[in-house]
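Residue numbers (our numbering): 2 to 382. Quick reminder that beta carbons are idealized off the backbone N, C-alpha and C, glycines included. Given the structure is predicted, the values throughout are model-derived calculations rather than measurements. Have a look at the structure below before the remarks.
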């Protein structure tokens, strides 16, 4: 055989081997969610996670060292996961992005247990099955009913106008406050009929500041801004009085969880690592909130720092209690059922989901059995 022919054959064999290896790598990267793509991490692209302006999400923001995908963060250094946090204040836009999913949508979205008792039914009715995978915080004053000087008790809201983001934790805080008031059922119904529904807390705050309503139910930092910008306003009631009423959670679709359990595992562990880091470094939390969220930048460092006291960032212990993996009754199940009954009573939904259909505690259960070592992260300069 001529030398030239041998060389050609050799080149063809090598090309075939390399091509086969390339195909094999491509095939398995798809099978296991891109884990072989070292430049893009476990998912093969950034995991897209929706958040809202709210101090309770500090754990994830610290774990990601901001909002944009980066390898200079806990998510990557400890868990080989690229994450992009997406600020979506409008809850309807957030829901549509979650239903769409993928690179042009949202993989994981924020919610609260009470909100999920309502919204989960709608998703289920449209063929989107999703579950809560972790708790991220407790609201401890961060959700509040702000009112003008003429209102001093819940009963004074009977004839007033109230603005809030519908079906969100703001709605639940008002509902719960009415149920524990001395107002009759008919009077409570009248309050609800007078609601001015919005899609975001920021919109409700704007109505209140403009004097269009007597009260607004909002969450931080809109509480602080409402009090700043409307003279003689004050907080009527907040989750300081109801410290175990509103818990923020993260939601993922069932098919995404089943296709990418390694990604969900890395996300949950990374976020909880971020919580431990946030507890130690409040200055870092304030800095990241102001750099990434316009509302905090406008409010300034002092108000942003004060807002941290209005939430309790949920750690592994909180999560084990929330989902009952420590053997206790699941707090999630209690709040979910209670809120679901309220939404059915008001006619917002026609049926309740079972709590066990709405949560997936496997990742918290794994961590309880074998807690991961918290990843130390140097404070960015």
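Range covered by the alpha helix (DSSP H) that runs through residue i
i           : result
residue 189 : 186-194
residue 62  : 59-65
residue 173 : 170-180
residue 227 : 223-230
residue 366 : 363-370
residue 49  : It is not in any alpha helix (DSSP H) - residue 49 instead sits in the beta strand (DSSP E) that spans 48-52.
residue 340 : 332-347
residue 205 : 202-210
residue 1   : For the chain, the structure presents residues 2 to 382; residue 1 sits outside this window and is missing.
residue 40  : First-last for residue 40: undefined, no H or E at that position.
residue 318 : 317-323
Residue i versus residue j - alpha carbon distance
i           : j           : result
residue 214 : residue 208 : 6 Å
residue 52  : residue 111 : 6 Å
residue 140 : residue 72  : 30 Å
residue 301 : residue 206 : 18 Å
residue 227 : residue 147 : 8 Å
residue 345 : residue 351 : 6 Å
residue 171 : residue 198 : 11 Å
residue 70  : residue 280 : 22 Å
residue 295 : residue 65  : 18 Å
residue 335 : residue 231 : 37 Å
residue 94  : residue 303 : 31 Å
residue 367 : residue 187 : 48 Å
residue 91  : residue 152 : 28 Å
residue 272 : residue 62  : 8 Å
residue 9   : residue 107 : At residue 9, the pLDDT of 43 sits below 50, so the modelled position is not reliable and the matter cannot be decided from this model.
residue 105 : residue 167 : 26 Å
residue 369 : residue 265 : 16 Å
residue 175 : residue 218 : 7 Å
residue 291 : residue 222 : 12 Å
residue 96  : residue 121 : 10 Å
residue 99  : residue 123 : 13 Å
residue 173 : residue 201 : 14 Å
residue 84  : residue 102 : 14 Å
residue 28  : residue 358 : Its pLDDT being 41, under 50, residue 28 is placed unreliably in this model, and the value from its coordinates should be taken loosely. Taking the straight line from one Cα to the other gives about 33 Å.
residue 263 : residue 81  : 10 Å
residue 87  : residue 50  : 6 Å
residue 306 : residue 278 : 16 Å
residue 180 : residue 340 : 12 Å
residue 154 : residue 184 : 11 Å
residue 216 : residue 75  : 41 Å
Exposure label - residue i; buried when at least 16 CB within 10 Å
i           : result
residue 355 : exposed
residue 365 : buried
residue 128 : exposed
residue 256 : exposed
residue 229 : exposed
residue 330 : exposed
residue 234 : buried
residue 342 : exposed
residue 239 : buried
residue 284 : exposed
residue 254 : buried
residue 118 : buried
residue 249 : buried
residue 160 : exposed
residue 42  : buried
residue 203 : buried
residue 126 : exposed
residue 293 : buried
residue 6   : Any reading at residue 6 needs caution, since the residue's pLDDT is 49, under 50, leaving its predicted position unreliable; the model's value is listed next. When all chains shown are included, residue 6 counts as exposed.
residue 320 : buried
residue 242 : exposed
residue 177 : buried
residue 190 : exposed
Integer Cβ distance of residue i from residue j, believed to fall under 8 Å
i           : j           : result
residue 145 : residue 236 : 5 Å
residue 314 : residue 57  : 7 Å
residue 347 : residue 193 : 7 Å
residue 316 : residue 79  : That belief does not hold up - the Cβ atoms of residue 316 and residue 79 are roughly 16 Å apart, past 8 Å.
residue 324 : residue 333 : 6 Å
residue 363 : residue 133 : At roughly 12 Å, the Cβ-Cβ gap does not stay under 8 Å, so residue 363 and residue 133 are not in contact.
residue 143 : residue 312 : 5 Å
residue 196 : residue 163 : 6 Å
Residue i, enclosing beta strand (DSSP E) - first and last residue
i           : result
residue 313 : 312-314
residue 164 : 163-166
residue 55  : Here residue 55 belongs to no beta strand (DSSP E), and DSSP marks it neither H nor E.
residue 356 : Residue 356 -> no beta strand (DSSP E), and no H or E assigned at all.
residue 218 : 216-220
Cβ-heavy atom distance, residue i to the ligand HEM, below 7 Å
i           : result
residue 160 : With respect to the ligand HEM, the structure shown offers nothing to examine, as it has no ligands at all.
Secondary structure, beta strand (DSSP E): runs of 3+ residues fully inside the stretch 239-310: Whole beta strand (DSSP E) segments, 3+ residues: 248-254.
Please give me, in chain order, every unbroken run of the beta strand (DSSP E) with length at least 3 that falls completely inside the stretch 71-143. Contiguous beta strand (DSSP E) elements confined to the stretch 71-143 occur at 84-88, 109-113, 131-140, taking only those with 3 or more residues.
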